[in-house]
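Engineer:
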Amino acid sequence: MDILLFLAKRFIAGETFEQAKVVVKGLNDAGFLVTLDMLGESVTSKGQAERARDSYIQLLGDIYKLALNSTISLKLTQMGLDIDDAYCCENIMKIAEAAVNYKNFVRLDMEGSGYTQRTIDIFKKIHEVYPENIGMAIQSYLYRSKKDTAHAMENRHRIRLCKGAYKEPPDIAYPDKMDVNKSFEDIMKELLLKGNYPAIATHDERLINIAKTFARENNISPDGFEFQMLYGIRRNLQKKLLSEGYRIRIYVPYGRYWLPYTTRRVRERKENLFFVLKNIFRR
5 MDILLFLAKR
15 FIAGETFEQA
25 KVVVKGLNDA
35 GFLVTLDMLG
45 ESVTSKGQAE
55 RARDSYIQLL
65 GDIYKLALNS
75 TISLKLTQMG
85 LDIDDAYCCE
95 NIMKIAEAAV
105 NYKNFVRLDM
115 EGSGYTQRTI
125 DIFKKIHEVY
135 PENIGMAIQS
145 YLYRSKKDTA
155 HAMENRHRIR
165 LCKGAYKEPP
175 DIAYPDKMDV
185 NKSFEDIMKE
195 LLLKGNYPAI
205 ATHDERLINI
215 AKTFARENNI
225 SPDGFEFQML
235 YGIRRNLQKK
245 LLSEGYRIRI
255 YVPYGRYWLP
265 YTTRRVRERK
275 ENLFFVLKNI
285 FRR
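My numbering puts the first residue of the sequence shown at 5, with every later residue one more than the last.
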């Protein structure tokens with residue numbers, strides 16, 4: 005419990021929006037973009053899902069009123085995906101409508117591989133109605149992701165590329181870290197060349213340097229993409245990239261459910277704990 009509390013205090017911006025908004029304002033003042041994640045997932049009742057939906061709509065209003073430079077990120081299981089796909093889609097559609105009204109943007113996080121296709125299907129339905137206000141994540145460790153990326157680029161979908169943090173079987177995802185990194189590099193280059201303002205979400209400095217070099221060699225403006233990193237991880241690297249003129253968006257989670265969130269991340273993959281501990285002390 006003590007180590008989980010230590011980790012949570014480092015990379016979770018408090019239990020309430022009142023606490024999180026102070027963090028967001030500080031990041032904005034320093035020049036960073038933000039995406040806010042109101043912690044919660046795997047809800048089992050419509051009441052829970054609707055409270056989460058309404059809280060996100062309220063969050064969009066608060067961001068607008070306070071003139072914060074922050075989008076939102078959410079998980080579909082928090083919106084009722086384990087209850088019913090159509091019901092989940094309806095909830096997210098309402099959030100996307102609010103994002104349009106408040107001139108904001110919603111990113112759908114990707115969860116375990118059992119949810120991948122269902123997440124993509126719901127994303128497509130939302131994108132048909134609100135194409136400028138919705139994006140999703142693609143995980144490079146899944147074998148299917150290159151094909152998913154090609155389809156996304158054809159349809160001008162806004163993609164966040166990440167490696168993936170869930171434990172997956174070897175018939176679904178690359179078990180070897182080198183293969184995950186190679187997949188990330190290949191997809192990243194395609195997104196930089198043909199994507200619609202891609203988000204490169206990694207703390208891997210080697211991959212970041214590859215992205216910078218590739219963009220420079222192909223005359224891709226730093227305004228044409230952004231890097232994304234977790235709040236509290238590799239802060240010196242975040243500042244360095246910002247000073248070099250790159251757009252950096254910080255993923256800022258907050259909320260009362262920090263304990264199950266942190267515990268689940270550690271249980272899913274022991275590498276998550278090692279990664280966080282290693283990078284905390286690297287600043």
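All residues carry an ideal CB built from backbone N, CA and C; glycine is no exception.
Please state the DSSP three-state secondary structure of V47.
Structural biologist: DSSP places V47 in coil when its eight states are reduced to three.
Engineer: By alpha-carbon positions, which one of F127, Q143 and G228 ends up nearest to K171?
Structural biologist: Q143
Engineer: Among the candidates P202, M233, R253 and W262, whose CA atom is the shortest distance from the CA of T75?
Structural biologist: R253
Engineer: Scan the region 24 to 103 and note each continuous beta strand (DSSP E) run of 3 residues or more that stays entirely inside, going in chain order.
Structural biologist: Runs of the beta strand (DSSP E) lying entirely within the region 24 to 103, each at least 3 residues long, are 37 to 42 and 74 to 78 in chain order.
Engineer: In or out: T81 buried (at least 16 other Cβ within 10 Å) or exposed?
Structural biologist: Buried.
Engineer: Check whether the region 209 to 216 and the region 168 to 183 touch, using three or more Cβ-Cβ pairs below 8 Å as the test.
Structural biologist: no
Engineer: Got a sec? Which residues, its chain only, sit under 6 Å from C93 by beta carbon, not counting five neighbours each side?
Structural biologist: I126 and K129
Engineer: If we require 3 or more residues per run, which beta strand (DSSP E) segments fall completely within the region 168 to 209?
Structural biologist: For the region 168 to 209, the continuous beta strand (DSSP E) assignments of 3+ residues that do not extend past its boundaries occur at 203 to 205, in sequence order.
Engineer: For P257, which three-state DSSP category applies?
Structural biologist: Strand, per DSSP.
Engineer: What does I163 pair with, by DSSP beta-bridge criteria?
Structural biologist: M140
Engineer: Quick check on E132: buried or exposed, where buried means 16 or more other Cβ atoms within 10 Å of its Cβ?
Structural biologist: exposed
Engineer: Where G30 and F21 are concerned, what is the direct C-alpha to C-alpha distance, given to the nearest angstrom?
Structural biologist: 14 Å
Engineer: With M157 as the anchor, note down where its beta strand (DSSP E) starts and where it stops.
Structural biologist: It is not in any beta strand (DSSP E) - M157 instead sits in the alpha helix (DSSP H) that spans S149 to E158.
Engineer: List the DSSP bridge partners of Q232.
Structural biologist: A205 and R253
Engineer: Using 7 Å as the threshold, is the C-beta distance between K198 and M233 below it?
Structural biologist: No, the Cβ-Cβ distance between K198 and M233 is not below 7 Å.
Engineer: Mind checking which residues open and close the alpha helix (DSSP H) that includes L245?
Structural biologist: R239 to S247
Engineer: Which whole-angstrom value describes the C-beta separation of K25 and L78, a residue pair presumed to lie in contact below a C-beta threshold of 8 Å?
Structural biologist: Between L78 and K25 the Cβ distance is about 18 Å, and since that is not below 8 Å, they are no contact.
Engineer: Roughly how many angstroms lie between the CA atoms of L112 and F10, to the nearest whole one?
Structural biologist: 28 Å
Engineer: When the Cα of L64 is compared with those of M42, G51 and T48, which residue comes out closest?
Structural biologist: M42
Engineer: Counting along the chain, where does the alpha helix (DSSP H) carrying I126 start and finish?
Structural biologist: T120 to V133
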